[in-house]
Amino acid sequence: METEKMNLDQLIDRKGTGSVKWDAMPNGAPADALPLWVADMDFRCAPAIIEALHKRVDHGIFGYSLYDTPECKAVIQHWFQKRFQWEVDPEDVFFSPGVVPAVAFLLEILTQAGDGVVIQRPVYYPFMAKIEATGRKIVDNPLHYENGAYTMDFADLDKKLADPNNKGLILCSPHNPVGRVWTVEELRQVVDIAKKYDKWIISDEIHFDLTRKGVQHHPLLKVAPDYKDRIVVCTAPSKTFNLAGIQLSNIVIPNKEYQKAWLKRISDTYSVGAPNAFAVTAMIAAYEESEDWLNQVNGYIDGNMAFAKEFFQKNLPEARMADPQGTYLIWVDLSAYCKDGKKLEDLMLNKAKVALDEGYIFGEAGTGFERINAACPRSILEDCLNRMKDALLNQD
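Sequential numbering of the sequence shown, starting at 684, is according to the numbering used here.
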């Protein structure tokens, strides 16, 4: 369905709405700090989603709700096929309230306490938190960084997965925070290494719809159907359509034994087998009627990324912004201006008065970097970048 031209430059006041991003900024943040940290958008949802939720509210009854229905599964299946030419059996798709909870459930299913789990830092920090919280061990296969570009270290990955104590890999695809959209060849090489040692892969693909113009995401299960019994793919409409608050993710689990263990874990143990009353309604409206809205948003983010790149080149020429292939997150190396991660954090928070996700929280390799959320009106992004420039160029 075509959506009317959205005014994505519109400034919408989110303060006082219980927003984590705007109302729960990092401890010590000045009252007038500008938040570009938490990965949600400052854009209104698609009109079709808002209309569908109004109808659901008007119905007036919000009892227990179903996920495992033909309509819900068909909508998910059709979206995957339309966007990625990825054919998924609807019986392989399972509900989770989020991708991070899904990762925790899967770690409990696929590993034992003390097992090693491979991640590729700098990477989304909840991976580390969940590995440690479940009593597993973090095993780092660091990404290779050179001249602002990131690649995988396949030789090191082979070495890490060869270790019998390391049971599998959490893959971030597209990668948060560095913005890489992995090629088919890269993904195939990852799978071939995992296959060599019979190791599982959890592929976090929550940003799969958010790629820059001309860049195509490749679902891991589409790339490697031959290894489907050892792959779980985590997806959601949340990042795509700014629906994080509805708490619904779609987890693709082809392995029948994993499916049984999943249902036992989330339903029997944790009783989280059903979505809230609004979640499926919002997802159906998103996947059936809001693709044009998404295309507009992706185009606007393309413009924000180009704006940021030009800004850094002109105003902070020694900054190195990673090539933004996917996600709506800017990942920029500011170590030429400040090498100390804690000092950089203080500069951003207290001098620039911007709340960002500090690079060091994604692992030691992120020290000296900042992650900036570009899913906002350009005037907010410009204000943020100017504040950063002034703080970096006028350090005490």
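No residue lacks a Cβ here, since even glycine has one placed at the ideal position from N, Cα and C.
Within 8 Å, strictly: CB atoms of Phe-994 and Pro-860: Contact: no.
Presumed contact (8 Å Cβ cut-off) between Tyr-970 and Val-758, rounded CB distance: 5 Å
Other residues of its chain near Glu-1041: CB distance less than 6 Å, five sequence neighbours each side excluded: Glu-1028
Straight-line gap, Asp-909 to Leu-931 (C-alpha atoms, nearest Å): 28 Å
Cβ shell of Phe-788 (< 8 Å), same chain only, five flanking positions each side left out: Ser-779, Trp-945, Arg-948, Ile-949 and Tyr-953
Simplified DSSP assignment, three categories, for Ser-1062: helix
Under 8 Å between C-beta atoms of Ile-853 and Val-786: yes
Reduced DSSP secondary structure (H/G/I, E/B, other) of Leu-694: coil
Continuous alpha helix (DSSP H) stretch holding Trp-705: start and end: 703-706
Alpha carbon of Pro-1060 to alpha carbon of Asp-692, nearest angstrom: 5 Å
Residue of Ala-965, Ala-1058 and Ile-821 minimising C-alpha distance to Pro-718: Ranked by Cα distance from Pro-718, the first of Ala-965, Ala-1058 and Ile-821 is Ala-1058.
Coarse secondary structure for Asp-1040, derived from DSSP in three states: strand
Three-pair Cβ contact test at 8 Å for the segment 910-926 versus the segment 721-729: yes
Residue from Ser-921, Ala-877, Phe-961 and Ala-968 whose Cα sits closest to the Cα of His-742: Phe-961
Expected contact under 8 Å - CB spacing of Glu-940 and Cys-917 to nearest Å: Going by Cβ atoms, the distance from Glu-940 to Cys-917 rounds to 18 Å, so no, they are not a contact pair.
Contacting residues, own chain, Cβ-Cβ under 6 Å from Phe-1080 (five flanking each side not counted): Here the chain has residues from 684 to 1079 only, and residue 1080 is not among them.
The alpha helix (DSSP H) enclosing Arg-739, as first and last residue numbers: 730-742
Cβ distance (whole Å) where Ala-1048 is taken to contact Pro-809 below 8 Å: Going by Cβ atoms, the distance from Ala-1048 to Pro-809 rounds to 17 Å, so no, they are not a contact pair.
Nearest residue (CA-CA) to Leu-1039, options Gly-831, Val-800 and Leu-1012: Leu-1012
For Leu-893 and Asn-981, believed in contact at Cβ under 8 Å, the rounded distance: 7 Å
Separation of Val-740 from Leu-749, as counted between CA atoms: 17 Å
Contact check, Asn-849 vs Val-801, beta carbons under 8 Å: yes
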